[in-house]
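What follows is one structure encoded as structure tokens, with my remarks underneath.
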């Protein structure tokens, strides 16, 4: 084991400054997303285009965010989280000034596309909080970071309307750009770069296929109502989605360093939390999308209030403040009972809020109350999901995992947007020759959003309770009289990097797990195609490092680590084998030929049994194989399908003496 003389970089600025800087980043991102919404009715006049053309100003941002978020998040894990955060913010700034200075609809679309990179700011920022802060502060910081999205959304509507009235449409872009540029400086100065890195090469194939699949899916969802759900373009887009994802899934499973680790994503806590993210995204977006429309409707409908764009936007401020107030509550709930409880509670509050919104439609105050209840639940749910994700993935993959969660939430919001548009145009009423959305339309939306929240509550209840990851290093479990307390506010993590090797070279596809002195898992990682791995240790001390790979006997080592970056290669000595005895009528069968091959005929391995009928074959990788046995004289053959890995790698074979009988193997 070698010890590079490089210690972990120490933070210079206080934790609250790091939290505030990153939370402001979340606010700016949501401001950017909502700034164009009040102006959508004005853009056809401003640019001389149709309303259908203007809708692309929302769609192009959505599509670019779907492409950029998982890619930038994965790059953040590999090359530095602060570095990629600054890149995403730089693209957002460039987009803002391109749209404002270009002055044409084309430049506005280009600018909005570049602003889609901002979708990675929140997942990468949350991962930075995990790496930079002491354990006890992470829950509160993540809650605040998650709540910042709602704060910016609440402020974005009235601010953009006010800026447009005073400074013109260009200012709605460049004002956000200036704020983002100032914030970039704050990130560069106050936010530390994380030393946590994932090894491996970037998965270009996975990135290309996922980008194509998500683009086709979100374009179909967002344009289905305009182009027609049964139109050829929409059917073609859904077909393309299926094709791209059919190619993407096996490509990711084959990759040693995938863009999205599907094996980790299939773990029950991660899978269910991501499923809940789609439902939460649908539910929360209905609250943001419908409230201002309901308040702006003409009073002639009997349930509208005729508020201006600015007035309707101001009514969303209480919702933003409620999300801020809910952040510390979510943190305390998470610290006391776990993130699962917070997620369940948040989804349940959202469901209750929509139940109230079905009834509370008779005054502005009632609508605000209903929106506030939903916003509180949204803040709780959004704070809990990253915590669950980060507790169940390798610490070197937190940004990528959060990016996928954010991406799936955007699928929910896109679906909600399409559903809301369909419902509002289907359930209408006519007053003095003018068509308005009916009250039943709004109530139907609230019912669907409430059902989504209720379903998210049920899915969240299925998320298993997990042990606290803040399992820790051996000095938190000292022997009596050997206590060596360390400052609670000091982050002392160590990066352990290395390779999984055998005498014949790298061993790909294995897993390394680090355990502390009490047997708590502190981190784990999968090795890439070159056998490289990285795990994060919470401090100096002794750790058990367990390495496993399907074809090799596990290796366990107890290692002592000082408080600096470490490199350690794990060496596998003994291969796992498929072994057993070939018998016929109770007697050993020597020199029997045993062949193990794939059903398609490739990857064959063969051997012959010894004088005692014993055989041994190298244990193959996972999958289905055919084990064929041929007697020395060729008079009897037998075959059997085996699925690896097997619970027991000893397979005894009994030949029944009937030529060509295929039922002679007994396991």
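In the numbering used here, the protein residues as written are 1342 to 2008.
Just so you know, even glycine gets a beta-carbon here, dropped at the ideal spot from N, CA and C.
Closest by C-alpha distance to residue i, when choosing among the options
i            : options                   : result
residue 1980 : 1973, 1991, 1968 and 1544 : 1968
residue 1363 : 1422, 1638, 1408 and 1836 : 1422
residue 1644 : 1691, 1435 and 1782       : 1782
residue 1762 : 1626, 1849 and 1716       : 1626
residue 1499 : 1590, 1418, 1650 and 1463 : 1650
residue 1523 : 1494, 1512 and 1366       : 1366
residue 1990 : 1891, 1409 and 1577       : 1891
residue 1940 : 1490, 1787, 1965 and 1449 : 1965
residue 1416 : 1769, 1598 and 1768       : 1598
residue 1536 : 1575, 1488, 1609 and 1469 : 1469
residue 1588 : 1624, 1549, 1605 and 1495 : 1549
residue 1953 : 1929, 1765 and 1976       : 1929
7 Å CB neighbourhood of residue i in its chain, flanking five on each side removed
i            : result
residue 1579 : 1561
residue 1553 : 1585
residue 1471 : 1479, 1731 and 1739
residue 1947 : 1934, 1935 and 1936
residue 1824 : Note that residue 1824 has pLDDT 43, beneath the 50 cutoff, so the model's placement of it is unreliable and the number below is only indicative. The answer is none, since no qualifying residue turns up.
residue 1361 : none
residue 1427 : 1525, 1528 and 1529
residue 1414 : 1461, 1464, 1465, 1740, 1741, 1743 and 1744
residue 1407 : 1555, 1556, 1559, 1748 and 1751
residue 1608 : 1733
residue 1301 : Nothing can be reported for residue 1301: it is not among the residues displayed for the chain, which extend from 1342 to 2008.
residue 1676 : 1480
residue 1629 : 1494
Close beta carbons around residue i, own chain, < 8 Å, minus the five adjacent residues each side
i            : result
residue 1674 : 1682, 1683, 1686 and 1721
residue 1796 : 1620
residue 1567 : 1393 and 1396
residue 1403 : 1457, 1559, 1563, 1751 and 1755
residue 1358 : 1531
Cross-strand partners of residue i (DSSP beta bridge)
i            : result
residue 1957 : 1920
residue 1902 : 1882
residue 1929 : 1924
residue 1890 : 1893
residue 1570 : Paired residue(s): none; residue 1570 is not in a bridge.
residue 1982 : 1967
residue 1846 : 1843
residue 1375 : According to DSSP, residue 1375 bridges with nothing at all.
residue 1990 : According to DSSP, residue 1990 bridges with nothing at all.
residue 1675 : Beta-bridge pairing links residue 1675 to no other residue.
residue 1836 : 1877
residue 1354 : In the DSSP output, where bridge partners are listed per residue, residue 1354 has none listed.
Neighbourhood of residue i by C-beta distance below 6 Å, restricted to the same chain and skipping five residues each side
i            : result
residue 1622 : 1750, 1753 and 1754
residue 1843 : 1913
residue 1915 : 1894
residue 1742 : 1730 and 1734
residue 1800 : 1613, 1616 and 1617
residue 1671 : 1484, 1683, 1721 and 1724
Anticipated Cβ contact below 8 Å, residue i with residue j, distance rounded
i            : j            : result
residue 1459 : residue 1433 : 4 Å
residue 1464 : residue 1740 : 6 Å
residue 1737 : residue 1539 : 4 Å
residue 1497 : residue 1375 : 3 Å
residue 1899 : residue 1874 : Not really, about 18 Å apart at Cβ, beyond 8 Å.
residue 1632 : residue 1708 : 6 Å
residue 1398 : residue 1453 : 5 Å
8 Å Cβ cutoff met for residue i and residue j
i            : j            : result
residue 1551 : residue 1594 : no
residue 1637 : residue 1653 : yes
residue 1971 : residue 1906 : no
residue 1581 : residue 1618 : no
residue 1656 : residue 1705 : yes
residue 1369 : residue 1493 : yes
residue 1864 : residue 1877 : yes
residue 1660 : residue 1713 : yes
residue 1918 : residue 1958 : yes
residue 1441 : residue 1759 : no
residue 1888 : residue 1896 : yes
residue 1699 : residue 1789 : no
residue 1950 : residue 1956 : yes
residue 1514 : residue 1446 : no
residue 1354 : residue 1490 : no
residue 1669 : residue 1481 : yes
residue 1484 : residue 1666 : no
residue 1691 : residue 1728 : no
is_contact[residue i, chain C] using C-beta, thresh 8 Å
i            : result
residue 1711 : Although the question refers to chain C, the structure presented lacks it and comprises just one protein chain.
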